[in-house]
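There are 2 protein chains.
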Amino acid sequence: MALKTVRIQDVAQAARVSTATVSRALSTPEKLSEETRKAVFDAIRSTGYRVNHAARNLRMQRTGAVLILVPNLSNPFFSQILAGISGVFMETDYSVLIADTHGRAADDNRLGDYALTRVDGIISLDGALPAETMQEVAGQGAADRMIFACEWVQDTPLPSVRSDNVEGARLAIRHLHGLGHRNIAHITGPEDNVLTHARRQGMLEERTRLNLPARDDWIIRGDFSLESGREAAHRILTMDQRPTAVFCCSDQVAFGLISTLTAHGVRVPQDLSVVGFDDIELSEYYVPALTTIRQFRRKLGARAARLLLDRLGGGPATPVPGEVLTVEVELVIRDSTAPPPPLAP
Amino acid sequence: MALKTVRIQDVAQAARVSTATVSRALSTPEKLSEETRKAVFDAIRSTGYRVNHAARNLRMQRTGAVLILVPNLSNPFFSQILAGISGVFMETDYSVLIADTHGRAADDNRLGDYALTRVDGIISLDGALPAETMQEVAGQGAADRMIFACEWVQDTPLPSVRSDNVEGARLAIRHLHGLGHRNIAHITGPEDNVLTHARRQGMLEERTRLNLPARDDWIIRGDFSLESGREAAHRILTMDQRPTAVFCCSDQVAFGLISTLTAHGVRVPQDLSVVGFDDIELSEYYVPALTTIRQFRRKLGARAARLLLDRLGGGPATPVPGEVLTVEVELVIRDSTAPPPPLAP
DNA sequence: CTGAAAGCGCTAACAG
DNA sequence: CTGTTAGCGCTTTCAG
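So, in structure tokens, the structure goes:
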């Protein structure tokens, strides 16, 4: 601020009106006489006035910002959801704050602090918020200003926007079954994650419905990461009876799996078929191009943003608490799936 | 805010001191008597007080936030830089605002608006800010509160933190040359991008130094994207004389290239070697695992954050304007490069 | 339709 | 070491 800051009062002076009028020109221009309005806007332009948000927010008892809680900023999966969210708020006068919870949400009561004094609302992409944090948020009356997107916390009354994870898993299994696979393994996410449960459930349901064999060691614990895909590959390589197809809880896991399998001479899809989940941009360009369940991440983010906006603005169609908005998913068939090898059992 | 908000005054009352004392307890606790300090902190705890940042910021003539300008949020390359930046600011009382410039930086004077009233400082990962925007920023005295990271704007006095792009390109070419390649192509970034120039320059320098053949059509225009890698592949497939190796300006381009080449029966690295740039997490898990130039993105982000922090705080070692901090890069050799095929010229 | 005036909650002189 | 006090720049009654 090298140049002295232009206040609303300077504008008022230049326009020969009161500060109240300038303020009104900004918020409710239609309530001013044509003449006055023009004078004010001319003054605004000539003085180079910019509103001071700190002052406005203080006065209005709001912060003008929303907080996005991301489990892991360096995971490309989230960036497109962020893009969706960010796109919506860009059109509003809210600023978007982004915080990485690093898997282990704000240890101290930082979240509480933010919830109360730094932001008007929160979108959490992290479903692993500690119960006490949730309590605090709820207890502080911030509950109607927080929603979940993508992930969510079980048994919370907060609304959420999520992909149809169960259906996604079903689609994957059905696709593999349609190709002739019967021995299908699944690499899960971390045990405490809601997505893990939803996808595994869909997988199990469909497996049962189709009467496919169930072996315990075909459910392999992972954590959505590339590394866990690699580990799963090693597990599979040492199995006495290998599955002919693997449904992975994320594309990253699928990449880790395929890369390691390939390095060990197992060909995908000739020897083993792989289905991912997410359809990140890269999946189309993997070798082989990955068959996967597409999540509309941008749309999901945008929808979450709008939902929060509604609640903040006391919008008309304010959804009931606990509402769940489900975004459809779709199967994208590429080159990582094929009929099982003829000689396989 | 269901519960009435606790003000500094309420704390003062509870602790039987003045508001000034409470304020001091928060900012300079060492200047209070043991006794008073304890009383205040007890009161803070019992009342559940939280500072109101809008008020503090208004008073202190600051905003308590920094803005990160990202060319494209959905590009995984940036997310880890963000993580690095975000990690540093997490330790401070600055909030991190993230805005996607969508390649075409804030059309309206939104950036100016932000620069002046919503944030104390800016880190731009976008080197393609229109000149007029830069002018505005400079003109507003915001120049000493803005820096670049990763990308930068040519001929600007603003400091920047960047990878050693030229050296990275040299390393790539040297590696390929060491394997026996002489016919090396390069897929560039967009023409108006500073990284494009730096990397191409390094590439050309080294090619000259090593006395390698230069063909114009071996410099292929791209734009860092997967799609542009695919397009480049098609170009290469139709060349009368194909290069035996390709140095790509980004890992994404390399993926697009390899995936398309593979689909057309060209094997990497047996028929053609490929080197990327960035070393995004996935590169290690690609098929084949990608040989590439590693950028320490997290470190780069963190360093940029600290640089800005210094300038905001008027830190001791405030760097001179225009300073360039260079972060080293390194060659990571994996499986996408090999000696050229024996039969090739 | 417009103006005067009262703060929003906090910090920083300035006194004591 | 602590208290008093004057605003930071804005919006919003309440009058006119």
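From first to last, the protein sequence lines stand for chains A and B. Its first residue numbered 12, the first sequence is counted upward by one per residue in this note's numbering. Its first residue numbered 12, the second sequence is counted upward by one per residue in this note's numbering. C-beta: ideal position from N, C-alpha, C; glycine also.
| Asked | Found |
| --- | --- |
| Minimum Cβ-Cβ distance from L80 of chain A to chain B less than 9 Å | no |
| Inter-residue spacing [alpha-carbon to alpha-carbon] between P356 of chain B and H192 of chain B | Here P356 of chain B scores only 46 on pLDDT, less than 50, and its place in the model is too uncertain to base an answer on. |
| Secondary structure, alpha helix (DSSP H): runs of 4+ residues fully inside the region 170 to 203 of chain B | 176 to 190 |
| Interface residues of chain B facing L223 of chain A [CB-CB closer than 8 Å] | Within chain B, no residue comes near L223 of chain A; the closest Cβ sits about 28 Å away, beyond 8 Å. |
| Cross-strand partners of A256 of chain B (DSSP beta bridge) | B:I195 and B:S284 |
| Limits of the alpha helix (DSSP H) - the one that E341 of chain A falls within | That residue, E341 of chain A, is in no alpha helix (DSSP H); its beta strand (DSSP E) goes V340 to V343. |
| Distance between R345 of chain B and A149 of chain A (C-alpha atoms, nearest Å) | 50 Å |
| Within chain A, partners of E292 of chain B - CB distance below 7 Å | L237 |
| Nearest-angstrom beta carbon gap, A110 of chain A and I134 of chain A [assumed within contact, 8 Å] | I134 of chain A to A110 of chain A, Cβ: 11 Å. No contact. |
| Classification of L248 of chain B by the beta-carbon crowding that lies within 10 angstroms, buried from 16 upward | exposed |
| Beta-carbon separation (whole angstroms), S97 of chain A vs L84 of chain B, contact threshold 8 Å | 6 Å |
| For R61 of chain A, the nearest candidate out of A:V285, A:S239, A:T16 and A:E216 (CA to CA) | A:T16 |
| Buried versus exposed, by CB contacts within 10 Å (16 or more), D53 of chain B | exposed |
| For T74 of chain B: DSSP bridge partner residues | Paired residues: none, contrary to the question. |
| Counterpart residues of D357 of chain B in DSSP-defined beta bridges | Since the first and last residues shown for chain B are 12 and 356, residue 357 of chain B lies out of range. |
| C-beta contact flag for L169 of chain B and A180 of chain B at 9 Å | no |
| S57 of chain B classed as buried or exposed, judged by whether at least 16 other C-beta atoms fall within 10 angstroms | exposed |
| Where the alpha helix (DSSP H) containing I291 of chain A begins and where it ends | No alpha helix (DSSP H) contains I291 of chain A, which DSSP labels as neither H nor E. |
| Buried/exposed call for G324 of chain A, threshold 16 Cβ in 10 Å | exposed |
| Alpha-carbon spacing of D289 of chain B relative to V343 of chain B, whole angstroms | 10 Å |
| Alpha carbon of R278 of chain A to alpha carbon of Q165 of chain A, nearest angstrom | 39 Å |
| Span of the alpha helix (DSSP H) around A54 of chain A | E45 to T58 |
| Collapsed DSSP secondary structure at T128 of chain A in the structure displayed | helix |
| Neighbourhood of R241 of chain B by C-beta, 8 Å cutoff - its chain only, sequence neighbours within 5 removed | G267, L268, S270 and T271 |
| Given G138 of chain B as reference, the closest of B:P82, B:V99 and B:A126 once Cα atoms are compared | B:P82 |
| F266 of chain B: contacting residues in chain A (beta-carbon distance under 9 Å) | L293, Y296, Y297 and V298 |
| Q281 of chain A to Q306 of chain B span [Cα, whole Å] | 36 Å |
| Per DSSP, cross-strand counterpart(s) of I133 of chain B | B:L78 and B:M157 |
| Contact check, V335 of chain A vs N176 of chain A, beta carbons under 9 Å | no |
| Closest residue to C259 of chain A among A:L182, A:A274 and A:R309 (Cα-Cα distance) | A:L182 |
| Residue from B:R210, B:H197 and B:F235 whose Cα sits closest to the Cα of R357 of chain B | The question about residue 357 of chain B has no answer, for chain B in this structure spans 12 to 356. |
| Contact list for L127 of chain B against chain A, beta-carbon separation under 7 Å | R61 |
| Candidates A:V338, A:I291 and A:P353, of which the one nearest V172 of chain A by Cα | A:V338 |
| Through-space distance from S236 of chain B to V77 of chain B, alpha-carbon basis | 28 Å |
| Opposing strand residues paired with L336 of chain A [DSSP bridges] | A:V172 |
| Nearest-angstrom beta carbon gap, V285 of chain B and S347 of chain B [assumed within contact, 8 Å] | 5 Å |
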